[in-house]
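Okay, so here's the structure we're looking at.
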Amino acid sequence: MPRPETADRAGLDLEMRGIVKRFPGVVANDHVDFDVHEGEIHTLLGENGAGKSTLMKVLYGLYHPDEGEILINGHPTTIDSPRDAINLGIGMIHQHFMLVPTLTVAENVTLGLRSPRGPLLDLDSVSERIEELSATYGLQVDPGAYVWQLSVGEQQRVEILKALYRNATLLALDEPTAVLTPQEVNELFATMRSMTAEGHALIFISHKLHEVLEISDRITVLRSGRNVGTIRAEEASRERLARMMVGREVILEPEKPPVEVDGVRLMVKGVRALSNRGTEGLRGVDLDVRGGEILAVAGVSGNGQRELAEIIAGLRPTTAGTVAIDGVDVTHADPGRRRDLGLSYIPEERMRDGAVRDFSVAENLMLHQFDKPPYARHGFLDFAEIRAHCDLLIRQFDVKTPNPEAPAKTLSGGNIQKMILARELSTNPKVLVAAQPTRGVDIGATEYIHRRLLDQREAGTATLLISEDLDEILALADRIAVIYEGEIMGVVDRADANIEQIGLMMAGIREEAGSTPPAA
Amino acid sequence: MRRWAGAVFPVAAVVAALLVGGVTLALLGADPLEGFRAMIEGAFGSGRALADTTSKAVPLLLVGVGITIAFRANVINIGGEGQIILGALFATIFALAVPDLPAGLMIPALLIAGFVGGAIWGAIPGALKAYFNVNEILSTIMLNIVAVQLMNYLLRGPLIDPAEIEAGTRIPQTMRLAPSGDLPVLLEGTRLNLGAVIAVLFAIAAYVFLWRTTAGFRIRAVGLNPHASRYAGIKVKRSIVAALTLSGALCGLAGVILVFGSESHRFVTDGSSTGFTGNAGFNGIVAALFGGLHPIGTIPASFLFGALLVGANKLQRVVQVPAALVVALNGLVVVFVVSSAIWKRRLEQRYLLEDSAKELVDQPAEVDDG
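Heads up: the protein sequence lines correspond to chains U and R, in order. Take 1 as the starting number for the first sequence in my numbering and just add one per residue. Take 1001 as the starting number for the second sequence in my numbering and just add one per residue.
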């Protein structure tokens, strides 16, 4: 085969010196120095908007720096387009995959490349090469499989294979773990280690501090477009990194005072529901949440969490069982009725279900009560009342927006989540369903959201927290239910919970069975 | 530039369309400059020309505002033609049934009748879309055909002017309708009538409705994100039906004005599908797009489009080009306006990127201070 073997190629040293990138009115990168060498994993850490994406876009030729230079193997280089970057051996794994679902893995990998056999496709040689790369880096995936058939973790492997197939020797991975299960994260890290062993240089971007500490050789922290410092992973700790990112002390584990538990506010009994694919997504779920407690639902993504949240919110019909809010049967009630009974919901798909992108922050904040007095009278909106209410919420919930009239789509992910939180908590709900409330949200906002959820617990709200982040569950929950294939495997008190037992239940082994440990 | 981008793009689109039209004129052996001079004169050259342009713009404005309301709910109403016809039929039948009302009651009653007729013709596809997931583009187009056939049947049969039967000419038209229903002429000796005022008032009302009322808020929220709206407790299906109903109602008003603001004061058609409407149901869509899908923006947009239609007639007479060229010219404007919308969106996206980049970097700086 005419292609050069990636593994045999010399590694690639990258040095970015004094990079400045200005946008009208702001400096996104302010004299940033960053370098990464062959065989090394260098993490780029920072809050949303710290300038990580800008720096990566400069590296990938999507932005042209206003000042500074890029040195590849010691030679000053200009990168004008992603094509230049690819030719230099730079690969980028984006957070949102750029794959065509209706094509096979091999077709996706070769998409946009010249075929070695002129106008004819040569998928056999492509598949062969994919298999070689798979074997070298532990990236198991069937070249003939269609992308739509693959799990999220497998799709990510295809993205990495695409980059390796294009002979990338320097790979930037933009929040690659955000979409993965703990097991998949471990597999990804194994792949990353074998890549550095083969001489690749890796840039890793993540918010999750324990992951950063686990996988990195060096860590560079950006804040407000400036390089705050580069330290070796051995010198780092979660607290130190969080402090560097935010610029102040951060409380990673919030305080949780004991709260008197009240009566059952949310009851789910024998509920069955279909998933989007038409299979049974919930298979007889029973849950009770009491006022003043946080019941967390743990589980690997796709085991019925979304269906559970949606049947409570009234967005998905049940096929059996009942849902009751504050003692009232709402199994067949519409979402508006459930809200009137005191339900609030922080949806998992916040841009789809939680916010109207093209509406202003104020309109989004009013979405659930714009037609209720005092905000509306005789069918007309009362802008003075709305404005006063929104100003208060924006202040109370620390939503960073230039003004209440700014479109929601101009806000960062963390601020959109704060905006949704402000709306959902402003009614002081009796029942709160929080689905993945901090997914993809930066540390500062996560800390804030956790504090707010705990405040709400003290205020007597019954909270159902659905999360795939075990750290979050352990930090917030009073009781933990584990969901697996649409069934609750068991509910344990936080005080008695041990991670091993929860992990077993997440893999489908029931609480009772958990007492006899399976052979390792 | 940024603030004016919304206005620059449609105007540039018209200029581009006229340039292509000019080339076509030259290829046909006519002098493009002379042609354009004729157009401008025909549309704006005299008080009468301006009045003609305005009259032509009135149905476009009402339809355009109606289309805007539907579009804001993310429903595409191609049924303006049918809704105009139904509005006209309801008002005409009312005027034939109760001819003795005084003008002060007659005109409001006619407007209400037309409003209801159009509303019904909008509510049908609205309900089909909301409750049975029937594509509204298909159902509204189909209902146009039904409306045309209904109109042709009624104007040739039950509603036909008895004089036509006597004379044996059988032109599909009603008798001269009750004079109390005549829309008062605003400018003596021209066709400019009360319809222009009504149309502008409804455009303003639509603006107030969309941005100041709870029902308008619902429609905009549903149009931009039905998922989030539903989850926030808004009844999405009801809002979709409401938007298409109102959209049809405004088109129905256009039908009333086409009949009772006409010089013949009859409901007349020629047997072809656009014989009565003069294509206003489709041209109104272009006016709405041209006006940035904003009720107020649709006012100048309809006027400009009205000018184009009136001017093109003059052009045809002066430079002696085939009538088809005028139709082609209109088509060109549509193509350019629609494609300019794409450019506009791209520009807006670029601004948005810049804004969010700015906002993103601004943010941690504030955290720093804290």
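Quick reminder that beta carbons are idealized off the backbone N, C-alpha and C, glycines included.
{"Query": "Compute the distance between the beta-carbons of R/A1088 and R/F1267, then report whether it is under 8 Å.", "Result": "yes"}
{"Query": "For R/Y1153, count neighbouring C-beta atoms within 10 Å of its own C-beta (all shown protein chains included) and say buried if the count is 16 or more, exposed if not.", "Result": "exposed"}
{"Query": "Note the first and the last residue of the continuous alpha helix (DSSP H) segment covering U/Y375.", "Result": "Premise fails: U/Y375 is in no alpha helix (DSSP H) and is neither H nor E."}
{"Query": "For U/L343, count the other beta carbons within 10 Å of its own beta carbon; 16 or more makes it buried, fewer makes it exposed. Which is it?", "Result": "buried"}
{"Query": "For U/T6, which of helix, strand or coil comes out of DSSP?", "Result": "Because the pLDDT at U/T6 is just 41, under 50, the model does not fix this residue reliably, and the value given afterwards should be weighed accordingly. Helix, per DSSP."}
{"Query": "What ranges does the alpha helix (DSSP H) occupy inside the stretch 1034-1097 of chain R, keeping only unbroken runs of at least 4 residues that lie completely in it?", "Result": "1047-1072, 1080-1097"}
{"Query": "Is any beta-carbon of chain U found at less than 8 Å from that of R/A1221?", "Result": "yes"}
{"Query": "Is the shortest distance between the beta-carbon of R/A1228 and the beta-carbons of chain U less than 8 Å?", "Result": "yes"}
{"Query": "Tell me the residue span of the beta strand (DSSP E) that contains U/P76.", "Result": "75-77"}
{"Query": "Would you say U/G263 and U/R290 are within 8 Å of each other, going by their C-beta atoms?", "Result": "yes"}
{"Query": "Okay, do the stretch 391-403 of chain U and the stretch 300-316 of chain U touch, 3+ Cβ pairs below 8 Å being the bar?", "Result": "no"}
{"Query": "Whose C-alpha, out of U/Y165, U/M98, U/R157, U/L103, is nearest the C-alpha of U/E128?", "Result": "U/Y165"}
{"Query": "May I ask you to report which of helix, strand or coil DSSP gives R/A1163?", "Result": "helix"}
{"Query": "According to a CB-to-CB cut-off of less than 8 Å, which residues of the stretch 1230-1247 of chain R neighbour chain U?", "Result": "R1230, Y1231, A1232, G1233, I1234, K1235"}
{"Query": "In the structure shown, what three-state DSSP assignment does U/L266 receive?", "Result": "strand"}
{"Query": "Cα-Cα, which of R/I1234, R/I1124, R/K1129, R/G1047 is closest to U/K372?", "Result": "R/I1234"}
{"Query": "Where does R/A1127 sit, in a helix, a strand or coil, going by DSSP?", "Result": "helix"}
{"Query": "From what residue to what residue does the beta strand (DSSP E) around U/H31 run?", "Result": "26-36"}
{"Query": "Check whether the Cβ atoms of R/A973 and R/G1252 sit closer than 8 Å, and answer yes or no.", "Result": "The question about residue 973 of chain R has no answer, for chain R in this structure spans 1001 to 1370."}
{"Query": "So which residues on chain U does R/A1215 lean against when the C-beta distance must stay under 8 Å?", "Result": "G379"}
{"Query": "Let me see if you follow: with CB-CB separation under 8 Å, is U/V404 close to chain R or not?", "Result": "Looking at the sequence itself, residue 404 of chain U is Pro, so the reference to Val does not match. Cβ-Cβ to chain R under 8 Å: no for U/P404."}
{"Query": "Below 8 Å, how does it come out for the stretch 1007-1027 of chain R and the stretch 500-508 of chain U: are there three or more Cβ pairs, yes or no?", "Result": "no"}
{"Query": "Taking three-plus beta-carbon pairs below 8 Å as touching, is the stretch 258-278 of chain U in contact with the stretch 465-473 of chain U?", "Result": "no"}
{"Query": "So for U/D340, helix, strand or coil by DSSP?", "Result": "helix"}
{"Query": "Hey, does U/D353 have any beta-carbon neighbour from chain R nearer than 8 Å?", "Result": "yes"}
{"Query": "For U/S237, does the count of other Cβ atoms within 10 angstroms reach 16, so buried, or fall short, so exposed?", "Result": "exposed"}
{"Query": "Can you list, in chain order, the residues of its chain whose CB lies under 8 Å from that of U/P437, leaving out five sequence neighbours each side?", "Result": "I346, Q417, L421, I449, L453, L465, S467"}
{"Query": "Establish whether the CB of U/F359 and some CB of chain R are separated by less than 8 Å.", "Result": "yes"}
{"Query": "Within a Cβ cutoff of 8 Å, which residues of the same chain sit near U/L381, ignoring the five residues on either side of it in sequence?", "Result": "F370, Y375"}
{"Query": "By the 10 Å Cβ neighbour count, where 16 or more other Cβ atoms means buried, how is R/A1167 classified, buried or exposed?", "Result": "exposed"}
{"Query": "Can you tell me where the beta strand (DSSP E) with R/N1135 in it begins and where it stops?", "Result": "R/N1135 -> no beta strand (DSSP E), and no H or E assigned at all."}
{"Query": "Under 8 Å, Cβ to Cβ, is there at least one residue of chain R near U/L432?", "Result": "no"}
{"Query": "8 Å is my cut-off, CB to CB: does U/Y345 come that close to chain R?", "Result": "yes"}
{"Query": "Taking the continuous alpha helix (DSSP H) assigned at R/V1200, which residues delimit it?", "Result": "1195-1212"}
{"Query": "Which chain R residues are close to U/F370, counting only those with a beta carbon under 7 Å from its beta carbon?", "Result": "T1214, F1217"}
{"Query": "What is the C-beta distance between U/V147 and U/L103, in whole angstroms, given that I count them as a contact (C-beta under 8 Å)?", "Result": "6 Å"}
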